[in-house]
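Worksheet: one structure, shown below.
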Amino acid sequence: MDTMTYDYTEPVLSPKGQKMRDILADYITVVSHRLPDDVTKKLVELSKIEVDPLQRLIYDTMMENQMLAGKLKRPSCQDTGALQFFIKCGAKFPLLSELNAILKDAVYRATKQAPLRHNAVQTFDEFNTGMNIGDGIPSVFMQIVDDSADIEMYVYMAGGGCTLPGEAKVLMPGEGYEGVVRFVMDRMTSYGINACPPLLVGVGVGTSAETAALNSKLALMRRVDSVSPNKNAAKLEHLLEDGINNIGLGPQGFGGKASVMGVNVINTARHPSAIGVGVSTGCWSHRRGKINFDSDLNYDLPLNEGVEL
Amino acid sequence: MKTWHLTTPIADDDIKDIRIGDIVYLNGSMTTCRDVAHRRLVEEHRPLPIDVANKAILHAGPIIKANDDGTYEMVAVGPTTSMRMEKFEEDFVKETNVKLIIGKGGMGPGTQAACKKYKALHLVYPAGNAVYAALHVEKIVDAQWKDLGMPETLWSCQVKDFGPLIVSIDTNGDNLFEKNKIEFNKRKEAEIKKIDAQVKFIK
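Protein sequence lines correspond, in order, to chains F and R.
As numbered in numbering that gives the first Met the number 0, residues 0 to 308 make up the first sequence, in order.
As numbered in numbering that gives the first Met the number 0, residues 0 to 202 make up the second sequence, in order.
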C-alpha cells in the first residue's frame, strides 16, 4: 500500500521567534497536563452536589485522574484535540510576520514533548500526518485589535468528541430567541450527553452560520463563571444554565443534579432577515489556556496560577 | 448497582446476569478498535488481524510511546464516542464474537440487537480519565493496522482491574442511555416552556 507523507521542515525563525515558539511549546504541554484554574474550581464545586454512588464514583475517578496527570506529567485526556488558537494581536506586535510559523512549529514540538496524540488527518488523501499538524491544523483565528505591541492568545485542545462537532444554523427572525433556546436545548439531549458532561456550553449569536459558530467557540474561551456584559444575553446564559442543569445529564450523561459547568453567550449584530445561532460543547476536561505576551515576550498565564514554564 | 469482576476469555454465562447500571472491572485482553477498523471489517470484509472473540474492544485512540527496543508503552488512553461505531457494530459483533464493547456514551438499536442476540455488553468508561486508565494497562502485547496512525491502530492490551465500566446495554438488550434520554427529553420540554416566556427580546 502506498503510504503518503506530509512534508514539514521546521522553519528558520528569528532568535525572538524561536524564544516565543519554545515558550508556547512548553505552555501547550502544560495545558495538556493540567486543567485551567476556573475549570478545576468548578468541578470541585459540582462534585460536592452529586450524592449518588455512581456519580460519586465518576467524580472521584476524575479527581484522581487529574492528580495523576499532574504528578506523572502526562496528558490528562488521550484526545489532545486539534489545536486551535484564538488571538487578539496589536498591530505593532514585533513577531506578527512569523506568527503562523511559530504557532505551527510550537504544536509540532509540543506533540513530541507532551506527548500529544497525532490528530491531523489530511482530507481526501485520508492519511494521518503523524505529526499532529496538517493543512489548517493548528487552526488560527486572529483579530488585529489595536495599535499596541502586545498579543493575547487562547490555546485550545478541541477534542473530536466534544467541541469539534459543533453545530450552527441560521434561523428566521420569526423564530426569535425561542428558536435559539430550542436549538441549544435540543443539542444538549442529542449530542451533549456524549460530549463528556458536565459541559461548558458556548452559544454564539450572529448573522450567519460562520459568525455564530465562531462566537460559540469564543464563548468557550471565557471563564466558566463569567457573565456576558449584555443584560439580555446574561439573562439567557442564566436561564439556559438552570434549564440544562434541570435536564439532569449528570457526569458522563448518566444522570445527576447538574449538567453544565456554565453557559457562555457571545453575540454580534445580525442582518434583519437572519438570526445565526451556534453551539459548541466543551467537555469537563476543558483544556483551554491563555497566555499574554508583551513585545519583549514577557508573559503571564492568567488561568494557571503558580505555573512557571 | 452491582459490581462485577470479569476475566477474559468471557463466556456467555459470565455476563448473563449483569444488568444496565452495574459496574464491571476487567482483567485480561482488551484491544482498541474504532472508526476505520470497524469499516475495514464490515465494509471492506478484511478480517480483524487481532482475535477479539470472547474478549473486549475499547473504542479509543490512545497516546502511545514507542520504545527503542520495539515495544510500546501506554501513555494515555480513554474512550471515544461509541455512537460513531453504531453503523457497524451489529455486524462487528456477529463477525468477531466480541463480548465487551467499551466506549463513551450510548449506542443504538443495532448494538442493542447484537448484545441480545450474540450475548455481549456495551459498557462506558468515564471519559477524560486517560492517565488513570493507562495505569491499568499492564502491557501492550500487539499492534496491528499501524498504517492507520496512532489513534486508529489496533493496540492489543493486557489490562488489570480496568474500570469502572458502567453497563449501558446488557444481554437483554436493555439500554441505559435510551431510557435516560426519554426522561431527559421530557424534562427538556418543560424547561424550554419556562425559558421561552422570558426571552421575547424581539418586540
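Think of the CB as a built atom: it goes at the ideal place given N, C-alpha and C, for glycine as much as any other residue.
Since we're looking at a predicted model, the values are computed, not measured.
CA-CA distance, Arg33/R and Val169/F?
Counting from one through the second sequence, the residue named residue 33/R turns up at place 34. Counting from one through the first sequence, the residue named residue 169/F turns up at place 170. Near 33 Å, if we compare the C-alpha coordinates of Val169/F and Arg33/R.
Any beta carbon from chain F within less than 8 Å of Lys186/R's own beta carbon?
What you label residue 186/R is simply residue 187 of the second sequence in a count that begins at 1. It should be pointed out that residue 186/R corresponds to Arg in this sequence rather than to Lys. Answer yes: the Cβ-Cβ gap between Arg186/R and chain F drops below 8 Å somewhere.
Expected contact under 8 Å - CB spacing of Thr80/R and Gly104/R to nearest Å:
To locate residue 80/R, count along the second sequence from 1; it is residue 81. To locate residue 104/R, count along the second sequence from 1; it is residue 105. At roughly 5 Å, the Cβ-Cβ gap stays under 8 Å, so Thr80/R and Gly104/R are in contact.
Write down every uninterrupted run of the alpha helix (DSSP H) in the region 14 to 91 of chain R whose length is 4 residues or greater and which is fully enclosed by it, in chain order.
DSSP assignment within the region 14 to 91 of chain R yields the following whole alpha helix (DSSP H) runs of 4 residues or more, N-terminal first: 34 to 41.
Can you confirm whether the region 116 to 128 of chain F touches the region 74 to 92 of chain F when touching is taken to mean that 3 or more C-beta pairs between the two stretches lie within less than 8 Å?
Under the 8 Å Cβ criterion, the region 74 to 92 of chain F counts as touching the region 116 to 128 of chain F, having at least three qualifying pairs.
How big is the Cα-Cα spacing for Lys41/F and Glu240/F?
Taking the first sequence and counting its residues from 1, one reaches residue 41/F at position 42. Taking the first sequence and counting its residues from 1, one reaches residue 240/F at position 241. Cα-Cα distance, rounded: 14 Å.
Tell me the start and end of each unbroken alpha helix (DSSP H) in the region 215 to 239 of chain F that is at least 4 residues and wholly inside, in chain order.
Runs of the alpha helix (DSSP H) lying entirely within the region 215 to 239 of chain F and spanning at least 4 residues: none are present.
Quick one, which residues of the region 48 to 65 of chain R are near chain C if we go by CB-CB under 8 Å, in chain order?
Here the protein chains are F and R, and chain C is not one of them.
Going by the CB atoms, is the gap between Met184/F and Glu190/R shorter than 8 Å?
Here residue 190/R refers to the residue found at position 191 when the second sequence is read from its first residue. Here residue 184/F refers to the residue found at position 185 when the first sequence is read from its first residue. For Glu190/R and Met184/F, yes; Cβs fall inside 8 Å.
Which chain F residues sit within Cβ distance under 8 Å of Ile222/R?
The first residue shown for chain R is 0 and the last is 202, placing residue 222/R beyond what the model contains.
Short-range partners of chain R found in the region 63 to 74 of chain F, where Cβ spacing is below 7 Å:
Listed by position along the chain: Glu63, Asn64, Leu67, Ala68, Leu71, Arg73 and Pro74.
Our contact map puts Val278/F next to Glu166/F with C-beta atoms below 8 Å; I'd like the distance itself, whole angstroms only.
For the purposes of this step, residue 278/F is taken as residue 279 along the first sequence, with counting starting at 1. For the purposes of this step, residue 166/F is taken as residue 167 along the first sequence, with counting starting at 1. At roughly 5 Å, the Cβ-Cβ gap stays under 8 Å, so Val278/F and Glu166/F are in contact.
Indicate whether Ala24/F and Ala81/F have their beta-carbon atoms separated by less than 8 Å.
Taking the first residue of the first sequence as position 1, residue 24/F is located at position 25. Taking the first residue of the first sequence as position 1, residue 81/F is located at position 82. No, they are not a contact pair.
On the DSSP bridge list, what partners appear for Gln143/R?
The sequence position of residue 143/R within the second sequence is 144, counting from 1. Beta bridge pairing from DSSP links Gln143/R with Leu153/R.
Check whether the Cβ atoms of Ala164/F and Leu248/F sit closer than 8 Å, and answer yes or no.
If you number the first sequence from 1, residue 164/F lands on position 165. If you number the first sequence from 1, residue 248/F lands on position 249. With the sequence shown as reference, residue 164/F is identified as Pro, and Ala is not the correct amino acid for it. Their beta carbons are not under 8 Å apart, which means Pro164/F does not touch Leu248/F by this criterion.
Which whole runs of the beta strand (DSSP E) in the region 141 to 224 of chain F are 3 residues long or more, in chain order?
Runs found: 150 to 157, 166 to 170 and 198 to 205.
Do Leu198/F and Thr79/F have their beta-carbon atoms positioned less than 8 Å apart in this structure?
Locating residue 79/F in the first sequence gives position 80, counting from the first residue. Locating residue 198/F in the first sequence gives position 199, counting from the first residue. No.
Whose C-beta lies closer than 8 Å to the C-beta of Asp299/F among residues of the same chain, with five residues either side of it excluded?
Counting from one through the first sequence, the residue named residue 299/F turns up at place 300. If you ignore the 5 residues before and after Asp299/F, its C-beta comes within less than 8 Å of the C-beta of Ile290 and Asn291, all in its own chain and listed in chain order.
Nearest to Leu5/R by CA position, among Leu164/R, Leu47/R, Arg39/R and Asp141/R, is which residue?
Translated into the one-based positions of the second sequence, residue 5/R becomes position 6. Of Leu164/R, Leu47/R, Arg39/R and Asp141/R, the residue nearest in Cα terms is Leu164/R.
Short Cβ contact (8 Å threshold) for Gly203/R with Asn128/R:
Limits of chain R in this structure are 0 at one end and 202 at the other, which puts residue 203/R out of reach.
Mapping the DSSP letters down to three states, classify Thr170/R as helix, strand or coil.
If you number the second sequence from 1, residue 170/R lands on position 171. Note: Thr170/R maps to coil in three-state DSSP.
Based on the DSSP output, what are the partners of Ile101/F in its beta bridges?
Here the question's residue 101/F lines up with position 102 in the first sequence. The partner list for Ile101/F (beta bridge, DSSP) is empty, contrary to what the question assumes.
Residues that Thr2/F contacts on chain R, provided the C-beta gap is smaller than 8 Å:
Sequence index remark: in the first sequence, residue 2/F carries index 3 (1-based). For a Cβ distance threshold of 8 Å, residue set Asp146 of chain R lies close to Thr2/F, ordered along the chain.
So Pro52/F contacts chain R; which residues on that side make the cut at Cβ distance below 7 Å?
The residue labelled residue 52/F in the question sits at position 53 within the first sequence. In chain order: Met0.
Just the Cα atoms here: how many angstroms apart are His88/R and Ser167/R?
Residue mapping note: residue 88/R aligns to position 89 of the second sequence, counting from 1. Residue mapping note: residue 167/R aligns to position 168 of the second sequence, counting from 1. Going by the sequence as given, residue 88/R is Glu instead of His. Distance between the alpha carbons of Glu88/R and Ser167/R is about 15 Å.
When you compare the CB positions of Tyr124/R and Ala133/R, do they come within less than 8 Å of one another, or not?
Counting from one through the second sequence, the residue named residue 124/R turns up at place 125. Counting from one through the second sequence, the residue named residue 133/R turns up at place 134. For Tyr124/R and Ala133/R, no; Cβs fall outside 8 Å.
Note down the Cα distance separating Val130/R from Arg181/F, rounded to an integer number of angstroms.
What you label residue 130/R is simply residue 131 of the second sequence in a count that begins at 1. What you label residue 181/F is simply residue 182 of the first sequence in a count that begins at 1. Taking the CA atoms as reference points, Val130/R sits about 37 Å from Arg181/F.
Using a Cβ-Cβ cut-off of 8 Å, state whether Ile165/R counts as contacting chain F.
Counting from 1 along the second sequence, the entry for residue 165/R is found at position 166. Closer than 8 Å to the CB of Ile165/R there is at least one CB belonging to chain F.
Would you say Val180/F faces chain R, with C-beta separation under 8 Å as the test?
Indexing the first sequence from 1 puts residue 180/F at position 181. Output row for Val180/F: interface = yes.
Measure the C-alpha to C-alpha separation of Gln83/F and Lys116/R and round it to an integer number of angstroms.
Residue 83/F sits at position 84 when you count from the first residue of the first sequence. Residue 116/R sits at position 117 when you count from the first residue of the second sequence. When rounded, the distance between both Cα atoms is 44 Å.
For the region 47 to 66 of chain R against the region 146 to 158 of chain R, are there 3 or more C-beta pairs whose distance is under 8 Å?
The answer is yes - the region 146 to 158 of chain R touches the region 47 to 66 of chain R, with three or more Cβ pairs under 8 Å.
Could you check whether the Cβ of Met149/R sits closer than 8 Å to any Cβ belonging to chain F?
Here residue 149/R corresponds to residue number 150 of the second sequence, with the count starting at 1. Chain F, which has a Cβ nearer than 8 Å to the Cβ of Met149/R, makes this yes.
Per the DSSP calculation, Val259/F is bridged to which residue(s)?
For the purposes of this step, residue 259/F is identified with residue 260 of the first sequence, where counting begins at 1. In the DSSP output, where bridge partners are listed per residue, Val259/F has Leu198/F.
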